[in-house]
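In this note's numbering, the protein residues as written are -14 to 61.
Even for Gly, the Cβ is constructed at its ideal location relative to N, Cα and C.
Since we're looking at a predicted model, the values are computed, not measured.
Inspection log for the structure reproduced underneath, given as structure tokens.
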């Protein structure tokens, strides 16, 4: 029977280590349906490293939000 987990897949934790303080917070888990803000202002930043010995390349993707709002000057 084949495994669907790749080489970087996380191994399941034993029940003792799955206490509430070791679990990710609900806000850290991605929403199944993106919000308006996420769908319009979220992007991914790619970091790329290459090993100088074996030339293997590693890419990491980190989500970020880009929202720029003008702040109006107060008229006096």
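Alpha-carbon spacing of residue i relative to residue j, whole angstroms
| i | j | result |
| --- | --- | --- |
| residue -8 | residue 41 | Bear in mind that the predicted position of residue -8 carries a pLDDT of just 47, short of 50, making it unreliable; the figure below should be weighed with that in mind. Rounded to the nearest angstrom, the two C-alpha atoms are 15 Å apart. |
| residue 52 | residue 22 | 9 Å |
| residue 31 | residue 50 | 14 Å |
| residue 45 | residue 27 | 16 Å |
| residue 56 | residue 37 | 46 Å |
The beta strand (DSSP E) enclosing residue i, as first and last residue numbers
| i | result |
| --- | --- |
| residue 29 | 27 to 35 |
| residue 42 | 42 to 50 |
Supposed close pair residue i, residue j - CB separation, criterion 8 Å
| i | j | result |
| --- | --- | --- |
| residue 24 | residue 34 | That belief does not hold up - the Cβ atoms of residue 24 and residue 34 are roughly 30 Å apart, past 8 Å. |
| residue 29 | residue 48 | 6 Å |
DSSP three-state assignment for residue i, whether helix, strand or coil
| i | result |
| --- | --- |
| residue -14 | Residue placement at residue -14 cannot be trusted, given a pLDDT of 42 that sits under 50; the coordinates are not used to answer. |
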